[in-house]
Structures are given as structure tokens and as C-alpha cells.
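Numbered as in the working numbering, the sequence shown ends at 561 without a single skipped number. From the three backbone atoms N, C-alpha and C, an ideal C-beta is built for every residue, glycine too. Inspection log for the structure reproduced underneath, given as C-alpha cells.
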Amino acid sequence: MPFSLEKSALSVALGIVVNTVYAALYSETLLDGSPLWSWYSATLYQAVSFPIISYLLVADKGFPEIRNMANCSWENAGEPRCGSMMYEEILMYMVISYFVKDMFVLLRNYHINVHFILHHLVCIIGSYVILNFSVNGGVSAFSLGITELEFGSFVMSRYLLNPSSPFLFYSYLVVMTISNLIAAIVLPYYLFAYSETNIQHVILVVTSVVLSVTRQLALGNHAFEWYKKSKEEGDKKIK
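What follows is the structure in C-alpha cells.
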């Protein structure tokens, strides 16, 4: 397995460096329980690091059909259809860096809700599981799934940083919904349709579906707040 204590420590150190740099550049003002600099630092991963690594991951395999990657696991590294699997490993450590970075915010005594903590712990533990065990057909799917989910989170971040923008609100509404549907429907389909079903697949799919549902519920809350605020502003104009 590609797990390395040294690489894990390096990924955590990277998260600390990112926190330090962004904390120096942006405000400490809290937004939804986290300082503004934490929201801005998240976009570095969501919109830059993850998409670039995912592109290299697919290019490393010669841009195959998604179904041709369905059985790729660590043992398949070097096979033409699976490529080197190097970028899956890099992405896993970047995920650990990303979520541990956020967890360090807890040490600064900010108020962060239980859903935030549980979500991050699930993602961190899931990444370590992928790195330590062979999830037949789940490695590449898990890696690409992270990127598309976090792109939805990126659009959410942009909206929360500028909640008065109708464009960002509707972008968030559409992109987050599509992101969640892909994770809850497309990922399970490819895992079960093109590779042998096992308990690891079931755990991966259940986790993916649960995360997608909770994210969609959060979107629903934001949408309710948006329409409530819009109605109140409309009533004021009428008066």
C-alpha cells in the first residue's frame, strides 16, 4: 500500500503552512463558524489543486472511458488502463492536508458545528482507509469523486463569501445539486456495474450517499434563507 507516515506528516505540515499564509492575508471575521481566511484557503484546494491533480490522474491513463478505470486499485499500478496510480496517491494526501488544515481551526477555539467535525473526520479517515487497504475499483473513483464534490463546495464558498449575489446563489444551487447527484448516483453505478461488489464498495457508496444528502440539506437551508431574505426585501420595497 502507498501509505507513508512521512508523506502523511508532510501533508499535515502543508496544511499548517497554508493556514499560516492565509491567516496573514485575510480577516479573522467569522463566517458560518470559521474565519474568512479559512474559507479563502479552502478555495486553493477546491478550485486549483484538486482539479489539476484529477486532470493529471485521467491523463496518466490516456483519457480512458470512466468505466475502464472501474477496477483500478493499488495492485494495478503500472497497467495501461490504470496508469501509475501516482496521482491518486497525491490526491489522497492532499485531501488529508485539506481537512486537517480545517481541523486545526478548532484549536483556535472557534465555534464549529458537529456536522463540520463529523464531515471532516469521515473524509480524513476515508482517505487513510483508501491509502491502507485495497478498495477494488474504488481508488480512482474515490479520487475523482472528491474533486467533483469539492468543486460543489467551492461554489458554496464563493456564495457564502458574497451572499448578496444572485449569480453566485443560483450557481451554487445548480452546481452543488449536480455535484451531489453525481456522487450519490453515478459513482455507485460505475462501482457496482463494472467491478466486483464487495464490502469496501458498499461502505464507500453509503458514505458517498450520506455526504451527498447532508450537503443537499445544507443547500436547502441556504436556499430557504435566500428566498426568505429576498421576500423581506421585496416587502420593504412595496411599503
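Per-residue DSSP class, three states only, for P488: helix
Check whether I418 and S333 have beta carbons under 8 Å apart: yes
Integer-rounded CB distance, given that L366 should sit under 8 Å from E410: Wrong, their Cβ atoms sit about 20 Å apart, outside the cutoff.
Sequence-distant residues of the same chain with beta carbon closer than 6 Å to N502, five excluded per side: S534, R537 and Q538
Beta-carbon gap between V427 and S371 smaller than 8 Å: no
Neighbourhood of V528 by C-beta, 8 Å cutoff - its chain only, sequence neighbours within 5 removed: When the five nearest sequence neighbours on each side are left out, no beta carbon in the same chain lies closer than 8 Å to the beta carbon of V528.
Per DSSP, cross-strand counterpart(s) of L352: Note: L352 is bridge-paired with P357 in the DSSP secondary-structure output.
Proximity winner among F491, F464, A540 and S465, relative to V477 (alpha-carbon distances): Looking at the Cα atoms, F491 is the closest of the given residues.
D382 - DSSP class collapsed to helix/strand/coil: coil
Where A346 sits in the DSSP three-state scheme: helix
Spatial neighbours of Y494 in its chain, beta-carbon cut-off 8 Å, leaving aside the 5 residues before and after: V477, M478, R480, Y481, L541 and H544
Residues near A399 in its chain [Cβ-Cβ closer than 7 Å; skip 5 each side]: S406 and M407
Closest residue to Q368 among M498, A506 and E554 (Cα-Cα distance): Here the closest residue by C-alpha is M498.
Check whether L471 and A505 have beta carbons under 8 Å apart: yes
Identity of the residue in S530, S486 and V496 nearest S552 by Cα: The residue with the shortest Cα to Cα distance from S552 is S486.
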